[in-house]
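Okay, so here's the structure we're looking at.
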Amino acid sequence: MHPLPNIFPLLQTERLDLVELQPWHAAGLLHLFSDPRVTRYYHIMPLKTEMDAERVISYFYHRFKDQLGIRWGITLRGQSKLIGTIGFNSFPQLHRGVLVYALAHPYWGQGYMTEAILEMVRYGFRQLELSRIEAEVMPENTSSERVLQKNGFRQEGTLKKWMEWEGRLFDINMWALVRE
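Counting from 1, one number per residue, gives the positions in the sequence shown under the UniProt record's numbering.
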């Protein structure tokens with residue numbers, strides 16, 4: 001893997017801008033991560049205040065600066081309203097990245113996440129030279145699994161008791177896309 005760049009890369013798709021999260025995105029991030037429909041399968045403590053959202057933005061900023069992960073905000077092309085996030089939560093080994101994403105409920109079912117994931121795959125394979133992109137999905141999250149399938153990911157199996165969250169263990173379906 002090439003190291004992450006020093007300057008946060010701005011990416012575009014046909015309908016989306018993938019931008020660096022800024023403190024002024026806090027209200028949008030609060031809206032996103034306080035919606036139980038969004039956080040149902042997303043292991044994050046639901047946000048309660050804009051200050052909580054600002055802390056998350058700061059966390060993402062430091063993960064990028066420390067070369068541990070990168071997370072973009074998703075906006076509609078040419079607009080500033082945050083509708084989601086996407087990126088690589090971590091790089092467990094230099095050749096692989098763990099994809100993570102969330103989209104505000106009003107934008108579900110319109111192909112936005114399929115489009116954003118396609119751009120992440122391009123960026124991960126071309127710029128970061130990853131050999132493998134993984135996504136960990138709770139078995140009940142069939143919508144997330146469908147969007148991964150649309151982007152060529154394959155389910156490799158179920159990892160039993162893979163994730164611990166709030167004192168409980170959860171099975172996780174491992175999805176991956178391998179660069180040929």
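We treat Cβ as the ideally placed atom computed from N, Cα and C, and that holds for glycine.
What does a CB cutoff of less than 7 Å around residue i pick up in its chain, not counting 5 residues either side in sequence?
i, result
"residue 90", "68, 69 and 98"
"residue 28", "81 and 82"
"residue 105", "35, 37 and 38"
"residue 1", "91, 94, 95, 128, 129 and 130"
Any idea what DSSP makes of residue i, helix, strand or coil?
i, result
"residue 30", "helix"
"residue 101", "strand"
"residue 24", "helix"
"residue 184", "Here the chain comprises residues numbered 1 to 180, so residue 184 is not present and cannot be evaluated."
"residue 15", "coil"
"residue 166", "coil"
"residue 115", "helix"
"residue 124", "helix"
Over the uninterrupted alpha helix (DSSP H) stretch that includes residue i, give me the two end residues.
i, result
"residue 150", "142-150"
"residue 39", "36-39"
"residue 129", "Unbroken run through residue 129: none, as it is neither H nor E."
"residue 57", "50-65"
Give the range of the beta strand (DSSP E) segment to which residue i is assigned.
i, result
"residue 94", "It is not in any beta strand (DSSP E) - residue 94 carries neither H nor E in the DSSP assignment."
"residue 179", "Residue 179 -> no beta strand (DSSP E), and no H or E assigned at all."
"residue 70", "70-76"
Whose C-beta lies closer than 8 Å to the C-beta of residue i among residues of the same chain, with five residues either side of it excluded?
i, result
"residue 16", "74, 75, 76, 77, 112, 115, 116 and 119"
"residue 160", "171"
"residue 11", "17, 18, 72, 119 and 123"
"residue 143", "108"
My guess is that residue i and residue j are in contact by the Cβ rule of under 8 Å, so how many angstroms apart are they, rounded?
i, j, result
"residue 30", "residue 18", "About 20 Å; that fails the 8 Å criterion."
"residue 71", "residue 85", "6 Å"
Excluding the 5 residues flanking residue i on each side, which residues of the same chain have their C-beta closer than 6 Å to its C-beta?
i, result
"residue 53", "26, 29, 30 and 47"
"residue 63", "69"
*Any contact of the segment 161-168 with the segment 141-150, i.e. 3+ C-beta pairs under 8 Å?*
no
*Examine the Cβ distances between the segment 50-59 and the segment 99-110 and report whether three or more of them are shorter than 8 Å.*
no
*the segment 173-180 contacting the segment 130-137, beta-carbon criterion three pairs below 8 Å*: yes
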